[in-house]
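Below is one structure, written out as C-alpha cells; comments come after it.
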Ligand code: SF4
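Numbering (the numbering used here), first residue to last: 63 to 489.
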C-alpha cells in the first residue's frame, strides 16, 4: 500500500526561505524532523515529498496518486494548504496539524473547513488542542521524551546543507511575541541525540543545528550532553540557541569543547516595554557581557532581532546599533514583527472579536513584508531595519570581517548572491 507523507509548499508557493545566510547556512524552512520521524514509526510512509525542500509548487502536485495521503499542514496556512487534498488522488486523506498557533477560534475554523481525518498533535500541551480530541499514533498523547528516534535516512542528506536535530522543546519563559511561550518543556533523551548526530557525522555532514529554544535551560543536562558529545570525537561542529541569562563560563567552556561553533541569542528588541515584558531577569549589560564571554570562549554569536514590537522607537533602535558596534556579533538575524495569533502581543493587536480569517490573513501578509500597526508603520520598520543593517555592515567593514559576503559570492556566484543579499540579515 502506498502511503505518501507530504509537506505542502510554502504559503506563497515559493521555494524554501533562505533563513540564515551568514553565509554558511542555507537552512530550509524548519520542519519538524523529529515529529516526521516519529510519525514514520506510526504511519509508515512509503514516500515522502517535502515541497519546501524540493521547491515543488501546488501545480506540480496535480495528478499524483497514492493509497493514503498524510499531509503535514500548518495552522498558519490552513486554507491554502488544504489544496493538496484536491490535487492528490488518494483513497484516504489524513491531515496532521502542529499546534503552531494555539488559538481556539482558529482551531475551530480548521475543524469546520477540513472534511478529512484531522490529527492535532499536542506536543506543546495546549489546552485547546487537548479539548479537541487529539490522536497521536496509538496513544492519545506522547510526550516529547517518549518519541522514537527520528528516521533521518528517509530524507536525503545533503552535505552542503545544515541538518537540524531537535533536542528539546517548549519553553518556560513568557516572551510576548512568541508561540513557544509557556509551552511544556520536553527533553530528548541524550542517547537518541548522540545516535542522530552519529548518523549525520557518518554521512559526512560537517555541521548540525541542535534545535532547542534554550540549550542551557537545565545546566546539569546541558553539561552531561556536552560531555557525551565530546566523548564521540565527531568531526562535526554544531550550533544551538539559548538565552543570555542561562549561560556562564562553565557551560560555554563545555559547549566549546564539545564542538559548539555558534550560539543564537534572542535580543529581540531593546525598547523599555520589550525589556520589561520579555527580559525580566536580564538587562542590556548582561546581554553585552554574555555575548563577549561567548566570543572569549571561542564561540561565535548570532543575535536575533525583531523590529516593530510594541514600544519600538528610534531610541530602542539606537541602543541595538550601539550594542552591535560594541559586541561585534558574528551574525545578526533581523525580522520584522509578525503577530502570531494566540501570542500575548496578538491579544494587544487584534480585537477580541477579530475573525480567524482576518488574523491569519494579517499574519500571512506580515510574513511577506513589514505591515502597519497603529503604533508603527511599515515604512518606519523598513527604515529601522536599514539602520540596523547599516551599523552591522559598518562594524563588519571596520573589523575587516567580509567573510560572510565573500562566502556567499563564492558559493552562489556573483549574480545569485546579489539576489540573496537581501536575505543576508533578514528572514
Ligand atoms: S522567545 Fe525564546 S525564550 Fe522567549 S518564549 Fe520564545 S522560546 Fe522562550
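No residue lacks a Cβ here, since even glycine has one placed at the ideal position from N, Cα and C.
Quick check: the Cα distance between residue i and residue j, rounded to an integer number of angstroms?
| i | j | result |
| --- | --- | --- |
| residue 435 | residue 376 | 16 Å |
| residue 411 | residue 453 | 30 Å |
| residue 341 | residue 373 | 14 Å |
| residue 337 | residue 403 | 21 Å |
| residue 428 | residue 401 | 8 Å |
| residue 270 | residue 258 | 10 Å |
| residue 405 | residue 303 | 21 Å |
| residue 247 | residue 241 | 13 Å |
| residue 426 | residue 299 | 35 Å |
| residue 334 | residue 388 | 20 Å |
| residue 124 | residue 118 | 11 Å |
| residue 249 | residue 276 | 11 Å |
| residue 280 | residue 150 | 45 Å |
| residue 136 | residue 143 | 8 Å |
| residue 378 | residue 290 | 41 Å |
| residue 419 | residue 294 | 50 Å |
| residue 407 | residue 243 | 11 Å |
| residue 382 | residue 353 | 13 Å |
| residue 147 | residue 417 | 25 Å |
| residue 441 | residue 346 | 27 Å |
| residue 158 | residue 106 | 14 Å |
| residue 154 | residue 459 | 57 Å |
| residue 415 | residue 356 | 46 Å |
Looking only at its own chain, which residues have a Cβ that is under 7 Å from the Cβ of residue i, when we skip the five neighbours before and after it?
| i | result |
| --- | --- |
| residue 368 | 239, 330, 331, 397 and 399 |
| residue 444 | 432 |
Judging by CA-CA distance, which residue of the options is the nearest neighbour of residue i?
| i | options | result |
| --- | --- | --- |
| residue 349 | 372, 384 and 251 | 384 |
| residue 448 | 380, 428 and 298 | 380 |
| residue 282 | 313, 267, 431 and 153 | 313 |
| residue 65 | 378, 351 and 156 | 156 |
| residue 263 | 446, 227 and 106 | 227 |
| residue 112 | 148, 71, 125 and 255 | 71 |
| residue 265 | 315, 280 and 296 | 296 |
| residue 225 | 267, 359 and 245 | 267 |
| residue 67 | 134, 422 and 114 | 134 |
| residue 171 | 139, 327, 460 and 237 | 139 |
| residue 461 | 391, 446, 419 and 417 | 391 |
| residue 358 | 345, 311 and 328 | 311 |
| residue 422 | 245, 441, 122 and 141 | 141 |
| residue 413 | 355, 114 and 167 | 167 |
| residue 237 | 339, 327 and 256 | 339 |
| residue 235 | 328, 351, 272 and 354 | 328 |
| residue 326 | 345, 343, 306 and 344 | 306 |
Is residue i a contact residue of the ligand SF4, with contact defined as CB to any heavy atom under 7 Å?
| i | result |
| --- | --- |
| residue 360 | no |
| residue 240 | yes |
| residue 383 | no |
| residue 237 | yes |
| residue 328 | yes |
| residue 393 | no |
| residue 243 | yes |
| residue 423 | no |
| residue 275 | yes |
| residue 231 | no |
| residue 305 | yes |
Could you name the residues of the same chain whose beta carbon sits closer than 8 Å to that of residue i, not counting the 5 residues immediately before and after it, in chain order?
| i | result |
| --- | --- |
| residue 386 | 365, 394, 450, 453, 454 and 457 |
| residue 323 | 269, 299, 300, 301, 361 and 362 |
| residue 63 | 108, 129 and 130 |
| residue 152 | 66, 127, 128, 129, 130 and 131 |
| residue 274 | 228, 229, 230, 231, 302, 303 and 304 |
| residue 260 | 294 and 296 |
| residue 256 | 290, 291 and 294 |
Going by DSSP, what residues sit across from residue i in a beta bridge?
| i | result |
| --- | --- |
| residue 245 | 233 |
| residue 322 | 300 |
| residue 269 | 299 |
| residue 389 | Answer is none; residue 389 lacks a bridge partner. |
| residue 359 | Per DSSP, none; premise fails for residue 359. |
| residue 112 | 69 |
| residue 128 | 152 |
| residue 228 | 273 |
| residue 330 | 367 |
| residue 394 | 365 |
Whose C-beta lies closer than 6 Å to the C-beta of residue i among residues of the same chain, with five residues either side of it excluded?
| i | result |
| --- | --- |
| residue 278 | 284, 304, 308, 309 and 313 |
| residue 292 | 319 and 320 |
| residue 370 | 398, 399, 438 and 443 |
| residue 316 | 285 and 288 |
| residue 120 | 71 and 145 |
| residue 343 | 307 |
| residue 233 | 242, 245 and 275 |
| residue 446 | 369 and 379 |
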